[in-house]
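The sequence shown runs 79 to 220 under my numbering.
Glycine included, C-beta positions come from ideal geometry on N, C-alpha and C.
Nothing here was measured: the structure is a model prediction, and the numbers come from that model.
Working notes, structure below.
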Amino acid sequence: MVFKDLAHEQFYEGNVIRAERQHDPYRSALFYLLGLTEDTRRHINDLYDFREDSIRLEGLNNGWQTGTTVRLTRLAFNLYSGYTGEHEEETHSFSPYYLFDNGLMPYFFEGIKLRYPAYAVDIKRDWLPFVPDKDIYDELEQ
Numbered sequence: 079m080v081f082k083d084l085a086h087e088q089f090y091e092g093n094v095i096r097a098e099r100q101h102d103p104y105r106s107a108l109f110y111l112l113g114l115t116e117d118t119r120r121h122i123n124d125l126y127d128f129r130e131d132s133i134r135l136e137g138l139n140n141g142w143q144t145g146t147t148v149r150l151t152r153l154a155f156n157l158y159s160g161y162t163g164e165h166e167e168e169t170h171s172f173s174p175y176y177l178f179d180n181g182l183m184p185y186f187f188e189g190i191k192l193r194y195p196a197y198a199v200d201i202k203r204d205w206l207p208f209v210p211d212k213d214i215y216d217e218l219e220q
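Given below as structure tokens:
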């Protein structure tokens with residue numbers, strides 16, 4: 079697992095333990111993603127109810143949310159429960175086209191891998207890529 083920084087790693091580990099869900103892919107992905115920014119870390123209680131053991135949808139509309147934090151919160155909520163908005167016209171906001179257009183995209187893929195560990199395996203390549211002989215390159219240059 080790749081962490082953005084030490085604060086991200088500590089947030090993730092602390093909240094997985096706090097929720098008492100160390101082996102739960104839903105919460106692993108949720109806390110991993112919500113730990114990516116200082117804003118979402120600081121407002122974790124606006125986004126997750128530890129007593130009720132559930133996400134807080136109203137946290138998507140809080141004034142502290144930015145374009146980036148709302149995108150990562152939407153992805154986190156979607157991976158947690160499949161949530162795609164209250165109304166049909168909101169579903170576009172949960173699409174990869176809208177969510178992944180920011181610098182956190184590599185971490186978003188890590189969150190997806192946490193949520194779907196059975197499918198997140200490295201692709202084994204039993205074939206070798208074609209590498210032309212040097213002679214072919216020489217002929218093309220002439």
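Proximity of Y158 and L192 at Cβ, strictly below 7 angstroms
Position 80 of the sequence shown holds residue 158. Position 114 of the sequence shown holds residue 192. Cβ distance not < 7 angstroms, so Y158 and L192 don't count as in contact.
Report the partner residues of D127 according to the DSSP bridge assignment.
Counting from one through the sequence shown, the residue named residue 127 turns up at place 49. S132.
Measuring CA to CA, which of N156, R129 and G145 is closest to L135?
The count along the sequence shown starts at 1 and reaches residue 135 at position 57. Out of N156, R129 and G145, N156 has the C-alpha closest to the C-alpha of L135.
If you measure between the beta carbons of K94 and Q100, is that distance less than 7 angstroms?
Residue numbering aside, residue 94 sits at position 16 when the sequence shown is read from its first letter. Residue numbering aside, residue 100 sits at position 22 when the sequence shown is read from its first letter. Reading the sequence as shown, one finds Val at residue 94 and not Lys. Yes, these two residues count as a Cβ contact at 7 angstroms.
Spell out a yes or no on whether the region 167-178 and the region 110-129 are touching, meaning 3 or more CB-CB pairs, one atom from each, closer than 8 angstroms.
no
What three-state label does DSSP hand H170 in the structure shown?
Position 92 of the sequence shown holds residue 170. Helix.
What separation, rounded to the nearest whole angstrom, lies between the Cα atoms of P232 and S106?
Outside the displayed span of the chain (79 to 220) sits residue 232, for which this structure offers no information.
Per DSSP, what kind of secondary structure is D117 in: helix, strand or coil?
Here the question's residue 117 lines up with position 39 in the sequence shown. DSSP places D117 in helix when its eight states are reduced to three.
So, for K82: in the same chain, excluding its five sequence neighbours on each side, which residues have a beta-carbon less than 7 angstroms away from its beta-carbon?
Position 4 of the sequence shown, counted from the first residue, corresponds to residue 82. Once the five neighbours on either side are set aside, the close Cβ partners of K82 are L114 and Y185.
How is N156 classed by DSSP in three states: helix, strand or coil?
Walking along the sequence shown from the start, residue 156 turns up at place 78. In this structure, N156 counts as helix in the three-state DSSP scheme.
Just to confirm before moving on: does the CB-CB distance between G189 and L111 stay below 7 angstroms?
Position 111 of the sequence shown holds residue 189. Position 33 of the sequence shown holds residue 111. Yes; because the gap between Cβ atoms is below 7 angstroms, this pair is in contact.
Does the beta-carbon distance from L138 to T151 come in below 7 angstroms?
The residue you call residue 138 lines up with position 60 of the sequence shown. The residue you call residue 151 lines up with position 73 of the sequence shown. Against a cut-off of 7 angstroms, the Cβ pair of T151 and L138 comes out as a contact.
C-alpha distance - W142 paired with M79, whole-angstrom precision
Against the sequence shown, residue 142 aligns to sequence position 64. Against the sequence shown, residue 79 aligns to sequence position 1. Using only the alpha carbons, I get a separation of about 28 angstroms.
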